[in-house]
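Residue numbers (the UniProt record's numbering): 1 to 451.
Below is the structure:
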């Protein structure tokens, strides 16, 4: 079935235009970048595997953002940065990519391609959420960024593998990688020089895409930011409980009922301790992932084929302690703050993120892989959530209206955020160009060998 959504009008003739295998795409000029947003990369009915779409028979107008997968609010994040998806519409028909390129990029430019997988605990977010705007990264670093929107929560990550397939959201990402491999050359990107990058659940997805046979050869490098490695093991019982809780929901239930059930399912998972704080996720032993007891061998086998940059922030857990008023109050007093740091923030940061990143890096090196490990500590000492989970995002994606008034950048002028962020953006883009990034104290970045 051809994609005819967003069929272009004659008045779009002066807009940027790309003749790709998927059809003719008409986007928009936005200052120093050209954007083509909300391009369909696959189709899927509810609980169905993604399937390719035929080339559009008429030009497609790609100027509206990709809708986010339907989702309930995410309080712990919304309290810090505001709405997780801003004003994005929500729609199950969300299998879309958005491409951002330097303005006027010629088709033969063969620029490095960076494919962004957003985070949000596999339950929230969207590729075109306002705080993932790649404009500065693209314009400054002369790269192409592809942002992927995929199915979430109950719709993407709860199937038990029998009546409803598991890992549908991950299969969506694979379909997006295939779309990029087939089409990104028409936008001036190099399909043979592709770097995946993602943060939190997005980083976890990037790490696991290294194991997916269908994704092999579709990317050369992976930037794994703050993947919650400490929450990945032993999730089968929790996933089974969640699937049982959701079983009464009709397959054709309206979206309000789906969102309500997603909240109930998440609440049912709370009894499983820390794992219950990220109830939705990847399920091992279901297509396209190996069984849990084969993960180590699978990552070792993949290591020689993918260069990695893997790491975390130094105070990941500060994002979560900031939502507990008594702890936040103590963080205002130096002596009490040191105690909270020692007893809560440091150990939980290491348990959930830091140690797992170090183990991943060490195994990758032992198995013949190349790359670097990093730590991010920008802003430490400036505010209680400095270097917390997601704190690198304002530097990578410096959307003024989104980030300026969040506590993550308290203690800095916006000019400092932009300036220091440019250094981090250069480090990420250098890696995508095949150059090892260096430590940069001004960007809060420490880089280490993998070992």
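Glycine included, every Cβ here is placed at the ideal spot set by N, Cα and C.
6 Å CB neighbourhood of residue i in its chain, flanking five on each side removed
{"i": "residue 32", "result": "103 and 139"}
{"i": "residue 292", "result": "284"}
{"i": "residue 444", "result": "376, 377 and 378"}
{"i": "residue 97", "result": "39, 41, 146, 148 and 176"}
{"i": "residue 272", "result": "238"}
Close beta carbons around residue i, own chain, < 7 Å, minus the five adjacent residues each side
{"i": "residue 438", "result": "447"}
{"i": "residue 214", "result": "174 and 288"}
{"i": "residue 400", "result": "414"}
{"i": "residue 320", "result": "76"}
{"i": "residue 433", "result": "112"}
{"i": "residue 451", "result": "362 and 365"}
{"i": "residue 270", "result": "276"}
{"i": "residue 190", "result": "110, 111, 112 and 113"}
From the options, residue whose alpha carbon lies closest to that of residue i
{"i": "residue 524", "options": "147, 116, 366 and 422", "result": "Summary: the structure shown does not reach residue 524, with the chain confined to residues 1 through 451, and so no result is reported for it."}
{"i": "residue 204", "options": "277, 356 and 19", "result": "356"}
{"i": "residue 60", "options": "18, 123 and 419", "result": "18"}
{"i": "residue 21", "options": "184, 384, 112 and 434", "result": "184"}
{"i": "residue 408", "options": "25, 418 and 391", "result": "391"}
{"i": "residue 441", "options": "450, 159 and 377", "result": "377"}
{"i": "residue 199", "options": "311, 265, 300 and 143", "result": "311"}
{"i": "residue 90", "options": "132, 151, 37 and 45", "result": "151"}
{"i": "residue 218", "options": "120, 106 and 193", "result": "193"}
{"i": "residue 35", "options": "48, 16, 167 and 124", "result": "16"}
{"i": "residue 431", "options": "444, 195 and 296", "result": "195"}
{"i": "residue 120", "options": "157, 358 and 143", "result": "157"}
{"i": "residue 369", "options": "201, 306 and 190", "result": "306"}
{"i": "residue 315", "options": "419, 298 and 340", "result": "340"}
{"i": "residue 162", "options": "182, 271 and 49", "result": "49"}
{"i": "residue 354", "options": "224, 277, 122 and 243", "result": "224"}
{"i": "residue 349", "options": "388, 94 and 266", "result": "388"}
{"i": "residue 118", "options": "169, 342, 419 and 373", "result": "169"}
{"i": "residue 452", "options": "264, 68, 374 and 30", "result": "Outside the shown range of the chain (1 to 451) lies residue 452, about which nothing can therefore be said."}
Spatial distance of residue i from residue j (CA atoms)
{"i": "residue 234", "j": "residue 220", "result": "30 Å"}
{"i": "residue 114", "j": "residue 145", "result": "5 Å"}
{"i": "residue 164", "j": "residue 290", "result": "18 Å"}
{"i": "residue 416", "j": "residue 238", "result": "43 Å"}
{"i": "residue 57", "j": "residue 23", "result": "7 Å"}
{"i": "residue 308", "j": "residue 176", "result": "20 Å"}
{"i": "residue 110", "j": "residue 101", "result": "11 Å"}
{"i": "residue 84", "j": "residue 66", "result": "14 Å"}
{"i": "residue 54", "j": "residue 41", "result": "10 Å"}
{"i": "residue 463", "j": "residue 38", "result": "Lying before the first or after the last residue shown, residue 463 is absent from the chain, which here runs from 1 to 451."}
{"i": "residue 80", "j": "residue 406", "result": "6 Å"}
{"i": "residue 74", "j": "residue 45", "result": "25 Å"}
{"i": "residue 99", "j": "residue 365", "result": "33 Å"}
{"i": "residue 130", "j": "residue 124", "result": "13 Å"}
{"i": "residue 43", "j": "residue 172", "result": "9 Å"}
{"i": "residue 303", "j": "residue 286", "result": "21 Å"}
{"i": "residue 411", "j": "residue 95", "result": "39 Å"}
{"i": "residue 386", "j": "residue 380", "result": "5 Å"}
{"i": "residue 267", "j": "residue 275", "result": "12 Å"}
{"i": "residue 160", "j": "residue 383", "result": "43 Å"}
{"i": "residue 300", "j": "residue 338", "result": "39 Å"}
Contacts around residue i, its chain only, beta-carbon distance under 8 Å, and the 5 residues preceding and following it disregarded
{"i": "residue 259", "result": "70, 71 and 72"}
{"i": "residue 425", "result": "136, 137, 140, 141, 395 and 396"}
DSSP-derived helix/strand/coil call for residue i
{"i": "residue 451", "result": "coil"}
{"i": "residue 420", "result": "helix"}
{"i": "residue 75", "result": "helix"}
{"i": "residue 43", "result": "strand"}
{"i": "residue 221", "result": "strand"}
{"i": "residue 197", "result": "strand"}
{"i": "residue 345", "result": "helix"}
{"i": "residue 184", "result": "helix"}
{"i": "residue 209", "result": "helix"}
{"i": "residue 30", "result": "strand"}
{"i": "residue 356", "result": "helix"}
{"i": "residue 247", "result": "coil"}
{"i": "residue 235", "result": "coil"}
{"i": "residue 413", "result": "coil"}
{"i": "residue 189", "result": "strand"}
{"i": "residue 64", "result": "coil"}
{"i": "residue 128", "result": "coil"}
{"i": "residue 262", "result": "helix"}
{"i": "residue 163", "result": "coil"}
{"i": "residue 435", "result": "coil"}
{"i": "residue 404", "result": "coil"}
{"i": "residue 48", "result": "coil"}
Residues that DSSP places opposite residue i in a beta bridge
{"i": "residue 100", "result": "35 and 145"}
{"i": "residue 301", "result": "For residue 301, which the question treats as bridged, DSSP gives no partner whatsoever."}
{"i": "residue 376", "result": "313 and 445"}
{"i": "residue 216", "result": "DSSP lists no partner for residue 216."}
{"i": "residue 227", "result": "None; residue 227 has no bridge partner."}
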